[in-house]
Structure formats: C-alpha cells, structure tokens
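Q:
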Amino acid sequence: MKVAIAGATGLVGSTFLKVLAERKFPCDELYLFASKKSAGKRISFQDRQYTVEELTETSFDRGIDIALFSAGADVSKKFAPIAAAHGCLVVDNSSAWRMDETVPLVVPEVNPQAALKNHNIIANPNCSTIQCVEALHILDKSYGLKRVIYNTYQAVSGAGMKGIADLEGGLKGEAPRKFPHPIVNNCLPHIDVFLENGYTKEEMKMVNETRKILDLPDLPVTATCVRVPVVNSHSISITAELEKDYELEDIREAFKESEGLLVLDDPQNNRYPLATIASGQDLVLVGRIRRDFSAPRSVSFWTVADNIRKGAATNAVQIAELFVENETR
Numbered sequence: 232m233k234v235a236i237a238g239a240t241g242l243v244g245s246t247f248l249k250v251l252a253e254r255k256f257p258c259d260e261l262y263l264f265a266s267k268k269s270a271g272k273r274i275s276f277q278d279r280q281y282t283v284e285e286l287t288e289t290s291f292d293r294g295i296d297i298a299l300f301s302a303g304a305d306v307s308k309k310f311a312p313i314a315a316a317h318g319c320l321v322v323d324n325s326s327a328w329r330m331d332e333t334v335p336l337v338v339p340e341v342n343p344q345a346a347l348k349n350h351n352i353i354a355n356p357n358c359s360t361i362q363c364v365e366a367l368h369i370l371d372k373s374y375g376l377k378r379v380i381y382n383t384y385q386a387v388s389g390a391g392m393k394g395i396a397d398l399e400g401g402l403k404g405e406a407p408r409k410f411p412h413p414i415v416n417n418c419l420p421h422i423d424v425f426l427e428n429g430y431t432k433e434e435m436k437m438v439n440e441t442r443k444i445l446d447l448p449d450l451p452v453t454a455t456c457v458r459v460p461v462v463n464s465h466s467i468s469i470t471a472e473l474e475k476d477y478e479l480e481d482i483r484e485a486f487k488e489s490e491g492l493l494v495l496d497d498p499q500n501n502r503y504p505l506a507t508i509a510s511g512q513d514l515v516l517v518g519r520i521r522r523d524f525s526a527p528r529s530v531s532f533w534t535v536a537d538n539i540r541k542g543a544a545t546n547a548v549q550i551a552e553l554f555v556e557n558e559t560r
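Under the working numbering, the letters of the sequence shown match residues 232 to 560, in that order.
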C-alpha cells in the first residue's frame, strides 16, 4: 500500500504518522508532503528517514493508494481532486469537503457504510463533532433525537501549534499572536469567524455536520463553542431531547457497550471525564450522565476526547482502514 500524508509537518500530520505506526497500518511506501517552506525536512517513521517533499500538481503521479490530508481547506480544494483523479483515496481533515453532497462525512463507529460510497474523497469531520455523534448515534437508534444542545470547551491545540504557542507564551506574559485576546485566565467564546447569524463558523460546523453524519437533516441543533486555556483534549456538554422516554441506567449501559466510548460516571467519588485522562488515547470519555429536568425526555452528559487523535488523526486512519478492509475482502 502506497500512503501519502499532505501536511506532514503539522500537528495533525505528525500524529497521522504516530497512529499509522500504532495501528500497524499496511504501508509499503510512504510519501510526505508539505509546503515549499517545509520541503527538505527529515522525518523518522518506523526506523526509516523520509524527506518531506513540496506538494505540487505532480505529487500523485506515482500510484499512491491513500492520502491523508491535513493542510488546510485551500490546499485540499486544490490538490484533493488531483489526487482523486489519479485513483488515490483522499481522507481530508479540513472543512473543504465536509458539506459537499457528493462527499461522505464519516465517523467509523457511526456511519462506516457511507465511506464506501465515495468518489475518492472522504471528509473527516470537525474534531468537536466527532466526539459528540458517537453517543448521539446510540441515543438516536433507541429513542430518536428531537433536539441537541452543545456547549464546548475546546483546547488550544485545536488551533494547531500556534494555539499552543499562544498559551505557552501567555504564561510568560507575551501578547497573543493566534487568538484575538490572551487565552491565559480567559475563556474565549470565539472559535473561527463570526457569521451574519451571530454564530461562529465552528458552531455552524457542529450543527451541519451532526445532521449530515446522523442523516437527520432537519434535526434542531444549537452550539456555543468556547476556547479554554487547556493544552489538549476538548470537553463538551451535551443535552439531547429524545422522542421517547428512557431509563437512565439503560443509556449508561448502552454507552458502556459502545466500541468507541469509555464511561467514567461516578461523581460521588470524583470520577468523570477529564482532559488529562483523555489526552493520548482514542476513546471518547463519557460521564455526568443525568436526566435533564428542564425538558421532558431530555438527558445531559459530558464528553471529553483527544482532539488531535480521535478528533482528527485517528478517525482519519480508521476511515482509511475501512477502505483497506473493503479492498482485501
């Protein structure tokens, strides 16, 4: 299997390599692409040294089977179709293709079948959306979803290396370069740009992507997305109003039986999901599961996940694994 990574020197790109190695992804040949500025850098992967190449129009003229992209929407819009035209399957981590009706938006634990209906481009969802839809999918199957409310507490690593640098620099008294205000001692209700409807682009990503992944185009969803001074792992409060009534223990057991979730729900003993627990692993942690008394048939819970791994790199590799499994059947 010939594998390429576009954006190989970035935070998610470097995590692609780590996850590929950990999951023993079949990789006979590896190509690392990045911007002209990063070309020539040397990167180690499985005891071999690779030279980063500049991503160009001819980069895919060599029979590459799968390419993992995390180089930004503009790069993906230009180069993903070129790769796809050469028969390469592109799993793209940017926002470029997520809402394209011809491109599947996939979380393997939720809608793996969608990945097989592609035109050589599959979109990797927003990191915040990924960790929410696994639990929501379980609720929808048993009870039906009527409405969803998100409140996110997103780590600075979601803004890449520059976001981490702002937090580290702010602790030294330096002015922010990435965020509009200091992130140290602040919570910024501002992720991505503001839209005319008063929501941010990040918030509308969560709204629209949730509907697409769950195949519920009319589902009422609202979100407030906040950047917090945490290095890694996003935390999200979710309230879901359901069509049918439920027993709380049944929901808790259904979450426990899910392949992608880890339930940590013992608040009396201070046991609940934390960013420090989620960082470095691929499961979505779920806890604080409780009945929402403000609305009938409503449940609230708390999820935490590593936004660079399950929220980006791992989910993309899992999508690529679906392709490999289908090819080898």
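Just so you know, even glycine gets a beta-carbon here, dropped at the ideal spot from N, CA and C.
1. Write down the C-beta distance between Pro-365 and Leu-492 rounded to the nearest angstrom, noting that I regard them as a contact closer than 8 Å.
2. For Gly-511, count neighbouring Cβ atoms within 10 angstroms of its own Cβ and tell me buried if that reaches 16, exposed if not.
3. Across which residues does DSSP place Ile-297 in a beta bridge pair?
4. Do Lys-443 and Gly-375 have their C-beta atoms closer together than 9 Å?
5. Taking a contact to mean a Cβ-Cβ separation below 9 Å, would you say Lys-541 touches Ile-361 in this structure?
6. For Ala-235, tell me which candidate among Gln-499, Arg-378 and Tyr-281 has the shortest Cα-Cα distance.
7. Out of Ala-390, Lys-403, Pro-407 and Gly-391, which has the shortest C-alpha to C-alpha gap to Asp-397?
8. What three-state label does DSSP hand Val-548 in the structure shown?
9. To the nearest angstrom, how far is the alpha carbon of Glu-340 from that of His-317?
10. Once the 5 residues before and after Cys-319 are set aside, which same chain residues still bring their CB inside 8 Å of it?
11. Please look up how many angstroms separate the CB atoms of Glu-440 and Leu-336, rounded, as I've assumed it's under 8 Å.
12. Identify, in the order they occur along the chain, each residue of the same chain with its Cβ nearer than 6 Å to the Cβ of Phe-524, setting aside the five sequence neighbours on each side.
13. Which residue marks the beginning of the beta strand (DSSP E) containing Asn-382, and which one marks its end?
14. Which residue or residues does DSSP assign as beta-bridge partners of Phe-264?
15. Leaving out five residues on either side along the sequence, give the residues of the same chain with a beta carbon under 8 Å from the beta carbon of Lys-487.
16. Where does Gly-394 sit, in a helix, a strand or coil, going by DSSP?
17. For Arg-521, which residues from the same chain have a beta carbon less than 8 Å from its beta carbon, with the 5 sequence-adjacent residues on both sides left out?
18. How far does the beta strand (DSSP E) with Phe-291 in it extend, from its first residue to its last?
19. Can you tell me which of Ser-301, Ile-313, Lys-309 and Asp-331 puts its alpha carbon nearest to the alpha carbon of Val-322?
20. At which residues does the beta strand (DSSP E) containing Glu-472 begin and terminate?
21. For Ala-390, which residues in the same chain have their Cβ closer than 6 Å to its Cβ, ignoring the five residues on either side in sequence?
22. If you follow the alpha helix (DSSP H) that Thr-507 is in, where does it begin and where does it stop?
23. For Phe-532, which beta-bridge partners are listed by DSSP?
A: Taking the coordinates as given:
1. Reading off the sequence, residue 365 comes out as Glu, not Pro. At roughly 6 Å, the Cβ-Cβ gap stays under 8 Å, so Glu-365 and Leu-492 are in contact.
2. exposed
3. Val-234 and Leu-320
4. no
5. yes
6. Tyr-281
7. Pro-407
8. helix
9. 29 Å
10. Ala-235, Phe-291, Ile-295, Asp-296, Ile-297, Ala-298 and Asn-351
11. 6 Å
12. none
13. 376 to 385
14. Ala-237 and Glu-284
15. Val-494
16. helix
17. Leu-479, Val-530, Ser-531 and Phe-532
18. Careful: Phe-291 lies outside any beta strand (DSSP E) and carries neither H nor E.
19. Ser-301
20. 465 to 473
21. Lys-409
22. 506 to 509
23. Ile-469
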